[in-house]
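Visitor: Following the working numbering, the residues of the sequence shown are numbered contiguously, the last one being 370. Every residue gets a Cβ at the ideal spot worked out from N, C-alpha and C, and that includes glycine.
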Amino acid sequence: MIGQNPKFAAASLAATLCLSAGLLLLPGGQAPAAEWNFYMHQSAPNFATSRGAKMFTEEIEKATNGELKARLHLAGTLQISASNVTQAVGGGVVQVGDDLFNSGNIPVAGIPRLPMLVQSYEDFAKADAVLKPYVEKAYKQKGSVLLASYTYPLQFMWGRKKLESLADLRGLKMRVAQPEQGEFVRRFGGTSITMSAPEVPSALDRGVVDGIFTAGVGAVLWKDLLKYGYVLIVNVNNSYFIANTEAYDKLNAGLQAKLHKVAEDTARWNQETMQKEEAESVQVLTAAGYTLTKATADDNARAITAMTPYWDEWAKSRGPDVVEALAKVRAALGR
Numbered sequence: 036m037i038g039q040n041p042k043f044a045a046a047s048l049a050a051t052l053c054l055s056a057g058l059l060l061l062p063g064g065q066a067p068a069a070e071w072n073f074y075m076h077q078s079a080p081n082f083a084t085s086r087g088a089k090m091f092t093e094e095i096e097k098a099t100n101g102e103l104k105a106r107l108h109l110a111g112t113l114q115i116s117a118s119n120v121t122q123a124v125g126g127g128v129v130q131v132g133d134d135l136f137n138s139g140n141i142p143v144a145g146i147p148r149l150p151m152l153v154q155s156y157e158d159f160a161k162a163d164a165v166l167k168p169y170v171e172k173a174y175k176q177k178g179s180v181l182l183a184s185y186t187y188p189l190q191f192m193w194g195r196k197k198l199e200s201l202a203d204l205r206g207l208k209m210r211v212a213q214p215e216q217g218e219f220v221r222r223f224g225g226t227s228i229t230m231s232a233p234e235v236p237s238a239l240d241r242g243v244v245d246g247i248f249t250a251g252v253g254a255v256l257w258k259d260l261l262k263y264g265y266v267l268i269v270n271v272n273n274s275y276f277i278a279n280t281e282a283y284d285k286l287n288a289g290l291q292a293k294l295h296k297v298a299e300d301t302a303r304w305n306q307e308t309m310q311k312e313e314a315e316s317v318q319v320l321t322a323a324g325y326t327l328t329k330a331t332a333d334d335n336a337r338a339i340t341a342m343t344p345y346w347d348e349w350a351k352s353r354g355p356d357v358v359e360a361l362a363k364v365r366a367a368l369g370r
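1) Nearest-angstrom Cα distance between residue 157 and residue 232?
2) Does the beta-carbon of residue 203 have 16 or more other beta-carbons within 10 angstroms, so that it is buried, or is it exposed?
3) Report the residue ranges of all beta strand (DSSP E) runs contained in full by the stretch 66–129; include only those spanning at least 3 residues, in chain order.
4) I need the boundaries of the beta strand (DSSP E) containing residue 208, first residue and last residue.
5) Where does the unbroken alpha helix (DSSP H) through residue 220 begin, and where does it stop?
6) Just checking my contact of residue 357 with residue 143 at CB under 8 angstroms: how many whole Å lie between their CB atoms?
7) Which residue wins for smallest C-alpha separation from residue 71, given the options 277, 162 and 365?
8) Please classify residue 210 as buried or exposed, where buried requires at least 16 other C-beta atoms within 10 Å of its C-beta.
9) Excluding five sequence neighbours on each side, which residues of the same chain lie with their C-beta closer than 8 angstroms to the C-beta of residue 162?
10) Pull up the distance between the alpha-carbon of residue 250 and that of residue 257, whole angstroms please.
11) Once DSSP output is grouped into helix, strand and coil, what is the label at residue 282?
12) For residue 245, which option in 119, 213, 193 and 295 has the closest C-alpha, if you only look at C-alpha atoms?
13) For residue 110, I'd like the list of residues in its chain whose CB is within less than 8 angstroms of its CB, leaving aside the five on either flank, ordered along the chain.
14) For residue 181, does the three-state DSSP call read helix, strand or coil?
15) So the candidates are 325, 237 and 222; which of them puts its Cα closest to the Cα of residue 266?
16) Beta-carbon within less than 6 angstroms of residue 328's beta-carbon, same chain only, minus the 5 sequence neighbours each way: which residues are those?
17) Alpha carbon to alpha carbon, how far is residue 338 from residue 197? Give it in angstroms, no decimals.
18) Do residue 4 and residue 125 have their CB atoms nearer than 8 angstroms?
19) Could you check what DSSP says for residue 190 in three-state terms: helix, strand or coil?
20) For the beta strand (DSSP E) containing residue 259, list its first residue and its last residue.
21) What did DSSP end up calling residue 355 once you bin it into helix, strand or coil?
22) With a threshold of 6 angstroms on Cβ separation, who are the neighbours of residue 298 within its own chain once the five nearest residues in sequence on each side are excluded?
23) Any heavy atom of the ligand MN inside 7 angstroms of the beta-carbon of residue 267?
24) Could you pull out every residue in the same chain whose Cβ sits closer than 8 angstroms to the Cβ of residue 354, ignoring the five residues on either side in sequence?
25) Let's test the definition: count the other Cβ atoms within 10 Å of the Cβ of residue 134 and tell me whether it reaches 16, buried, or not, exposed.
26) Find out if the Cβ-Cβ distance for the pair residue 69, residue 285 is shorter than 8 angstroms.
27) Who does residue 264 pair with in a DSSP beta bridge?
28) Smallest Cα separation from residue 340: which of 87, 128, 83 and 222?
29) Looking at the unbroken beta strand (DSSP E) that takes in residue 134, where does it start and where does it end?
30) Indicate the three-state DSSP secondary structure (helix, strand or coil) for residue 227 in the structure shown.
31) Just to confirm the assignment, what range does the alpha helix (DSSP H) spanning residue 251 have?
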């Protein structure tokens with residue numbers, strides 16, 4: 036589809052997926068009520084969320100006795116960018132998705148990613164509960180139904196060079212996954228660089244970047260290229276299971292309820308599994324000789340103080356709903 040008009044390419048992909056739907060039959064030749072395509076933001080099949088996505092497809096078929104099936108497509112297996120899951124599901128190119136790169140499309144979903152706002156899984160649960168009606172409304176406007184939410188492990192900093200305090204961030208070139216992390220780096224004297232995950236290993240090896248933001252489950256992938264971990268919880272990466280509204284509305288109430296239940300169970304499994312694997316990854320990195328430093332209370336307080344004005348600036352630039360939602364999240368978290 037390279038060189039094609041984007042709208043034509045999307046329509047072509049949607050047509051191909053529609054033609055592939057409904058080919059599997061139930062015993063006795065009866066066609067299933069619905070066969071959906073499920074697009075996943077993760078490309079590595081053995082990563083926890085990819086395993087969770089596979090489990091989702093298996094459990095939805097089991098829970099509905101084959102009345103609803105979802106065919107899994109990992110990131111890169113369809114000509115859909117992982118950052119365009121919101122549009123692909125809302126536009127009916129696929130019927131269900133796991134939308135990690137959501138904040139550019141759903142601004143209110145970016146609130147948990149604000150540096151130093153969410154500091155723990157408990158904080159995330161509180162913020163997520165407050166944000167749910169706002170996120171539901173935003174996805175509805177984009178043509179989707181929110182099914183469930185979860186977060187990747189807590190994000191902090193890893194470096195090739197000494198990184199044991201906020202002061203060490205000055206002068207470092209840090210790969211960031213989102214602009215909010217970039218603002219954090221800038222406020223503490225570093226330089227932020229955006230690049231895709233496949234580019235990271237060579238960039239670290241050549242010194243193009245000095246460090247990255249990720250959790251231990253990410254750092255362990257590049258453990259031979261990093262030496263320091265500075266455990267200052269900067270933010271979380273929240274993801275959402277969403278379904279196309281038109282396809283969802285064609286399901287009866289019983290199937291809708293089962294779809295929500297399987298999505299919620301899978302989201303919980305994803306978060307709990309990654310949390311467990313995160314602890315194991317930190318042990319691997321410690322055994323590999325990493326210097327892991329837990330942020331002091333002073334550094335943590337200093338970081339919160341520095342970023343608090345940015346939270347309000349960020350929200351105001353995204354509209355009154357985001358301002359209102361942020362105020363409620365801050366009240367729930369006591370920040």
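Guide: Result, derived from the coordinates:
1) By one-based count along the sequence shown, residue 157 stands at place 122. By one-based count along the sequence shown, residue 232 stands at place 197. If I take the Cα positions, the gap works out to 28 angstroms.
2) Walking along the sequence shown from the start, residue 203 turns up at place 168. Residue 203 comes out buried.
3) 69–75 and 103–108
4) Mapped onto the sequence shown, residue 208 falls at position 173. Element bounds for residue 208: 208–211.
5) Working through the sequence shown from its first residue, we reach residue 220 at position 185. First-last of the alpha helix (DSSP H) with residue 220: 214–222.
6) Here the question's residue 357 lines up with position 322 in the sequence shown. Here the question's residue 143 lines up with position 108 in the sequence shown. Their Cβ separation, rounded to whole angstroms, is 5 angstroms, which keeps residue 357 and residue 143 in contact under 8 angstroms.
7) Your numbering for residue 71 matches position 36 in the sequence shown. The option with the nearest alpha carbon to residue 71 is 277.
8) Taking the sequence shown and counting its residues from 1, one reaches residue 210 at position 175. So residue 210 ends up on the buried side.
9) Sequence index remark: in the sequence shown, residue 162 carries index 127 (1-based). Correct list, in chain order: 146, 147, 152, 153, 364, 367 and 368.
10) Here the question's residue 250 lines up with position 215 in the sequence shown. Here the question's residue 257 lines up with position 222 in the sequence shown. Cα to Cα, the separation comes out at about 12 angstroms.
11) Taking the sequence shown and counting its residues from 1, the one referred to as residue 282 is at position 247. Note: residue 282 maps to helix in three-state DSSP.
12) To locate residue 245, count along the sequence shown from 1; it is residue 210. That would be 193, whose Cα lies nearest to the Cα of residue 245.
13) Position 75 of the sequence shown, counted from the start, is the residue given in the question as residue 110. Counting only Cβ-Cβ distances below 8 angstroms, and skipping sequence neighbours, we find 74, 75, 76, 77, 78 and 117.
14) Working through the sequence shown from its first residue, we reach residue 181 at position 146. Note: residue 181 maps to strand in three-state DSSP.
15) Indexing the sequence shown from 1 puts residue 266 at position 231. Nearest C-alpha to residue 266: 325.
16) Locating residue 328 in the sequence shown gives position 293, where the first residue counts as 1. The residues are 199 and 265.
17) Indexing the sequence shown from 1 puts residue 197 at position 162. Indexing the sequence shown from 1 puts residue 338 at position 303. Going from the Cα of residue 197 to the Cα of residue 338 covers about 19 angstroms.
18) Here the chain comprises residues numbered 36 to 370, so residue 4 is not present and cannot be evaluated.
19) For the purposes of this step, residue 190 is taken as residue 155 along the sequence shown, with counting starting at 1. Reduced to three states, the DSSP call for residue 190 is strand.
20) To locate residue 259, count along the sequence shown from 1; it is residue 224. It is not in any beta strand (DSSP E) - residue 259 carries neither H nor E in the DSSP assignment.
21) Position 320 of the sequence shown, counted from the first residue, corresponds to residue 355. It is helical.
22) In the sequence shown, residue 298 corresponds to position 263, counting from 1. 182, 183 and 276.
23) Summarising the ligand content, the structure contains no ligands, and the ligand MN is consequently not present.
24) In the sequence shown, the residue the question calls residue 354 occupies position 319. Excluding residues within five positions, the ones whose Cβ falls inside 8 angstroms are 142.
25) As a first step, residue 134 is located in the sequence shown; it is residue number 99 there, counting from the start. Under this definition residue 134 is a buried residue.
26) Numbered from 1 along the sequence shown, position 34 holds the residue referred to as residue 69. Numbered from 1 along the sequence shown, position 250 holds the residue referred to as residue 285. In contact: residue 69 and residue 285 (Cβ atoms closer than 8 angstroms).
27) Counted from its first residue, the sequence shown places residue 264 at position 229. Looking at the DSSP assignment, residue 264 forms a beta bridge with 193 and 327.
28) Working through the sequence shown from its first residue, we reach residue 340 at position 305. Out of 87, 128, 83 and 222, 222 has the C-alpha closest to the C-alpha of residue 340.
29) For the purposes of this step, residue 134 is taken as the residue at position 99 of the sequence shown. Residue 134 -> beta strand (DSSP E) spans 131–134.
30) The residue given as residue 227 occupies position 192 in the sequence shown. In this structure, residue 227 counts as strand in the three-state DSSP scheme.
31) Reading the sequence shown from its first residue, position 216 is the one you call residue 251. Its alpha helix (DSSP H) spans residues 251–254.
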